[in-house]
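These protein sequence lines are chains A and B, in that order. So that you can map any letter, position 341 of the first sequence is 341 in our numbering, and since no number is skipped, the others follow by simple counting. So that you can map any letter, position 60 of the second sequence is 60 in our numbering, and since no number is skipped, the others follow by simple counting. Backbone N, C-alpha and C define an ideal beta-carbon position, used for all residues, glycine too. The structure under discussion appears below in the form of structure tokens.
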Amino acid sequence: MTRRLNRGVPLARRVLFAERRRAALSVAGVAAALLLVLLLDGIFAGAMAANTYYVRTGPADVVVSQRGVRTMHMSTSVLPTGTLETARAIPGVQWAAPISLTTGIVANGTGRQLSYVIGYDTSSGRGGPRQMVIGHAPALGEALLDRIAADQIGVTVGDTVQVLGTPLRVSGITTGGTSIVNTTTFVSRDEFARLRGTTTAYVLAKASLGTSADRLAQRLRAALPGVTVQTRTQFVASEARITRDMSADLLRIMTLLSFGIALAVTALTLLTVTLTRLRDYAVVKALGSSSLRLVRTVGAQAAWTIAAAVAVAVAGAELISLLLAQVLPTVQVLVTAGSVSRTAVWAAVVGVLAALGPLPRLARVDPATAFREAA
Amino acid sequence: MTSTLQTMAPAMSARGLTKTYGVGDTQVVAVGGVDLDVAAGEVVLIMGPSGSGKTTLLLMLGALLRPTSGSLLVGGVDTTTAPQRDLPRLRASHFGFVFQDYNLLGALTARENVELACNLAGTTGTAARTRADELLARFGLTGRAGFRPEQLSGGEKQRISIARALANDPAVVLADEPTANLDSARGHEIARLLRGLADEDNRSIVIVSHDQRLREVADRVLWLEDGVFREVASMAVDPVCGMQVERTGPSLEVDGITYWFCANGCRDEYLTGRAL
Numbered sequence: 001m002t003r004r005l006n007r008g009v010p011l012a013r014r015v016l017f018a019e020r021r022r023a024a025l026s027v028a029g030v031a032a033a034l035l036l037v038l039l040l041d042g043i044f045a046g047a048m049a050a051n052t053y054y055v056r057t058g059p060a061d062v063v064v065s066q067r068g069v070r071t072m073h074m075s076t077s078v079l080p081t082g083t084l085e086t087a088r089a090i091p092g093v094q095w096a097a098p099i100s101l102t103t104g105i106v107a108n109g110t111g112r113q114l115s116y117v118i119g120y121d122t123s124s125g126r127g128g129p130r131q132m133v134i135g136h137a138p139a140l141g142e143a144l145l146d147r148i149a150a151d152q153i154g155v156t157v158g159d160t161v162q163v164l165g166t167p168l169r170v171s172g173i174t175t176g177g178t179s180i181v182n183t184t185t186f187v188s189r190d191e192f193a194r195l196r197g198t199t200t201a202y203v204l205a206k207a208s209l210g211t212s213a214d215r216l217a218q219r220l221r222a223a224l225p226g227v228t229v230q231t232r233t234q235f236v237a238s239e240a241r242i243t244r245d246m247s248a249d250l251l252r253i254m255t256l257l258s259f260g261i262a263l264a265v266t267a268l269t270l271l272t273v274t275l276t277r278l279r280d281y282a283v284v285k286a287l288g289s290s291s292l293r294l295v296r297t298v299g300a301q302a303a304w305t306i307a308a309a310v311a312v313a314v315a316g317a318e319l320i321s322l323l324l325a326q327v328l329p330t331v332q333v334l335v336t337a338g339s340v341s342r343t344a345v346w347a348a349v350v351g352v353l354a355a356l357g358p359l360p361r362l363a364r365v366d367p368a369t370a371f372r373e374a375a
Numbered sequence: 001m002t003s004t005l006q007t008m009a010p011a012m013s014a015r016g017l018t019k020t021y022g023v024g025d026t027q028v029v030a031v032g033g034v035d036l037d038v039a040a041g042e043v044v045l046i047m048g049p050s051g052s053g054k055t056t057l058l059l060m061l062g063a064l065l066r067p068t069s070g071s072l073l074v075g076g077v078d079t080t081t082a083p084q085r086d087l088p089r090l091r092a093s094h095f096g097f098v099f100q101d102y103n104l105l106g107a108l109t110a111r112e113n114v115e116l117a118c119n120l121a122g123t124t125g126t127a128a129r130t131r132a133d134e135l136l137a138r139f140g141l142t143g144r145a146g147f148r149p150e151q152l153s154g155g156e157k158q159r160i161s162i163a164r165a166l167a168n169d170p171a172v173v174l175a176d177e178p179t180a181n182l183d184s185a186r187g188h189e190i191a192r193l194l195r196g197l198a199d200e201d202n203r204s205i206v207i208v209s210h211d212q213r214l215r216e217v218a219d220r221v222l223w224l225e226d227g228v229f230r231e232v233a234s235m236a237v238d239p240v241c242g243m244q245v246e247r248t249g250p251s252l253e254v255d256g257i258t259y260w261f262c263a264n265g266c267r268d269e270y271l272t273g274r275a276l
């Protein structure tokens, strides 16, 4: 309260926003550049969330895979025979379930989708979909499709789709399994064996009550030296890393470009505002302002421009993510707090750099010019 | 009045104030060795032809321009020897400025223009706002407090400019052609306001102008030519209308005292009043 009462005239803000159209255009320009970064970041965050959805939201605490294989994405895993039985015998394992996994095409006459095809034990349901919207677990000759993929290729329960080239009846619809890259289709282990053979790709294990995931993973590693054992957290982190590695270069280029644009727009705005207000600044100096105070004014203008642009960009990204969810449901845009923080920090750096432009001119403002006739 | 003022300790005292530009053959003396004492409550009008050095002198008096030589004492401080970094603070604490073009900040309202000057003098928040409102009220501008300069007339702008000049409660107000952009009525109004600042607040007012209308409110008129004062005219007060008048017009000697009048009408009125 005391601080508010002690506040002076907000000269920086008044001068910056005196010409509202120019201010709005400047903020919009910077916001557009930041929006690009946020959206790109959000798209990759969405892809990461979708790619990790199956393991992240599943009940298993530990994932066992072929030695050296740490992800499902961009990987092929085949576990040695007996892995499942060994895992089930480890103390602290409440249950262990095998899944088969391959990548292929799910299609019908009107469309096709790249898909993970997961074979799971339908009698226990372990390793199956996290959430089924409608229908029942797939029997032989049946498959579960994700809702977004089913909508895109125009099929529903009871229809027939080609899974890995074999016609299967859609027995149910699931959710959460479709990303910008692919979808997830579930079949029974028996159906998978018919399609691709009886290999086990991963074993999912649930810890008993009182056993931590880390402890269980240690025991599994000790008992199964020829495989890779990761807790769910580690597996999700590995999935996220591979997605991030694939997108890092693109993100870096786009981020640099966007911040370059933001820097140019902000610098131009501050320079224009300063040059058009030089007489005002001369008057303020004549009235007793120090050059440092004027420097702070320009700094505050940079801060206002950046803050407004970040706010607009975040709101825009949220809005676009909502719109995309309706129009392009495969494209999930996740505007995370981390992404907003990173963008804001970069934008602040842009603001500081942009504010440096007008400073030399500002330092040279002669208060005596206030006494010369205006042009 | 003039003699009384001149016997008081000056609020501002300049000695040998000189400003030269260039060196050697190209050296130009803009102001050459000016001495000037301005008493509290005194209005000094500096006139002179264009290029005579009036504005240069005003800038030096206002600590906006370093003189080449000389001294200027204001509030016990010699502004000519003060470090450069201290000059803004000196200006903010000792001087009020009134500009020819008003120089109000277009992005701010009338109240904010005055408030900003308060801020620069070290007063912020509610205290600054209250001070700004009081000053605007003093000059009949309460209803204009929320208006931007572009929404105001020339006279209103100059009154706000004067209000702003008083924001820091300065001992000295320096006015540069304060009536140049105003019509006759508004010009007289501003002249009276400046006189009022001297009479009511005991401030020293230094006006640089070509405007003859301002002679009527000045205690002294100084003629600056080629950077030096050529002539000093002491002004008297017309005992009838109260106007400042030169000691060259109609006059009357009564009981050994010479009274000066703005016109014969005032002198006749004075005589009639004495006869009754």
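At a cut-off of 8 Å, the C-beta of A:Ser-289 has a neighbouring C-beta in chain B. At a C-beta separation below 9 Å, A:Pro-358 has no neighbours in chain B, since its nearest C-beta there lies roughly 16 Å away.
The three-state reading of DSSP puts A:Thr-52 in helix, counting H, G and I together. In the three-state DSSP reduction, A:Gln-326 falls in the helix class (H, G or I).
For A:Gln-94, the enclosing beta strand (DSSP E) has its first and last residue at 93 to 107. Boundaries around B:Arg-186 are those of the alpha helix (DSSP H), 184 to 201, since no beta strand (DSSP E) includes it. Under DSSP, the beta-bridge partners assigned to B:Leu-45 are B:Ile-207, B:Val-221. Between A:Gln-162 and A:Met-48, the alpha-carbon positions lie close to 27 Å from each other. Annotation: Cβ neighbours of A:Ala-370 in chain B (cutoff 7 Å, chain order): Phe-99, Asn-103. Taking all protein chains in view, the Cβ of B:Pro-178 is crowded by 16 or more other Cβ atoms within 10 Å, so the residue is classified as buried.
Of all residues in the segment 52 to 81 of chain B, only Thr-55, Leu-58, Leu-59, Gly-62, Leu-64, Leu-65 come within less than 8 Å of chain A when Cβ atoms are compared, listed by chain position. Here DSSP, grouped into helix, strand and coil, assigns A:Gln-230 to strand. Taking a cut-off of 8 Å on C-beta distances, the segment 155 to 170 of chain A does not touch the segment 77 to 90 of chain A, as fewer than three cross pairs fall below it.
Within the segment 149 to 180 of chain B, the beta strand (DSSP E) runs of at least 3 residues that lie entirely inside it are, in chain order, 172 to 176. By the Cβ test, the segment 313 to 327 of chain A is in contact with the segment 34 to 50 of chain A, since at least three Cβ pairs between them sit closer than 8 Å. B:Arg-220 and B:Ile-257 have their alpha carbons spaced roughly 20 Å apart. In the structure shown, A:Pro-360 adopts helical secondary structure according to DSSP, grouped into three states.
Ranked by Cα distance from B:Ala-137, the options B:Arg-85, B:Gly-41, B:Asp-35, B:Val-114 are led by B:Val-114. For B:Thr-130, there are no neighbours in chain A by C-beta distance under 8 Å, as the nearest C-beta there is about 11 Å away.
At least 8 Å separates the CB of A:Val-265 from every CB of chain B. Excluding five sequence positions before and after B:Arg-215, the CB atoms of its chain that fall closer than 6 Å to its own CB belong to Val-221, given in chain order. Remark: C-beta atoms of A:Ala-337 and A:Ile-306 do not approach each other more closely than 8 Å. Under a 10 Å Cβ-count criterion, B:Ile-160 is classified as buried, with 16 or more other Cβ atoms of the shown protein chains found around its own Cβ. With a threshold of 8 Å between beta carbons, B:Thr-124 makes contact with chain A. Separation of B:Val-217 and B:Arg-192 (C-alpha to C-alpha, rounded to the nearest whole angstrom) is 7 Å.
With distances taken between CA atoms, B:Asp-199 lies nearest to B:Glu-42 out of B:Pro-170, B:Glu-42, B:Gly-249, B:Gly-265. In the DSSP annotation of this structure, the continuous segment of the beta strand (DSSP E) that includes A:Glu-142 starts and ends at 142 to 146. The C-alpha of A:Ala-355 is placed about 42 Å away from the C-alpha of A:Thr-52. Taken through DSSP and simplified to helix, strand or coil, A:Glu-19 comes out as coil. Residue-level contact check: A:Pro-59 does not touch chain B, since none of the beta carbons of chain B fall below 8 Å from its beta carbon.
In the DSSP secondary-structure assignment, A:Ile-118 is bridged to A:Leu-101, A:Phe-186. Listed along chain B, the residues sitting closer than 9 Å to A:Leu-11 by beta-carbon distance are Leu-105, Ala-107, Leu-108, Glu-112, Leu-116, Asn-119. Counting of Cβ neighbours within 10 angstroms places B:Asn-264 among the exposed residues, the total staying below 16.
The three-state secondary structure of A:Thr-86, taken from DSSP, is helix. One finds nothing in chain A with a Cβ atom closer than 7 Å to the Cβ of B:Pro-49; even the nearest lies about 17 Å away. Cβ atoms of A:Val-229 and A:Val-64 come within 8 Å of each other, at about 5 Å.
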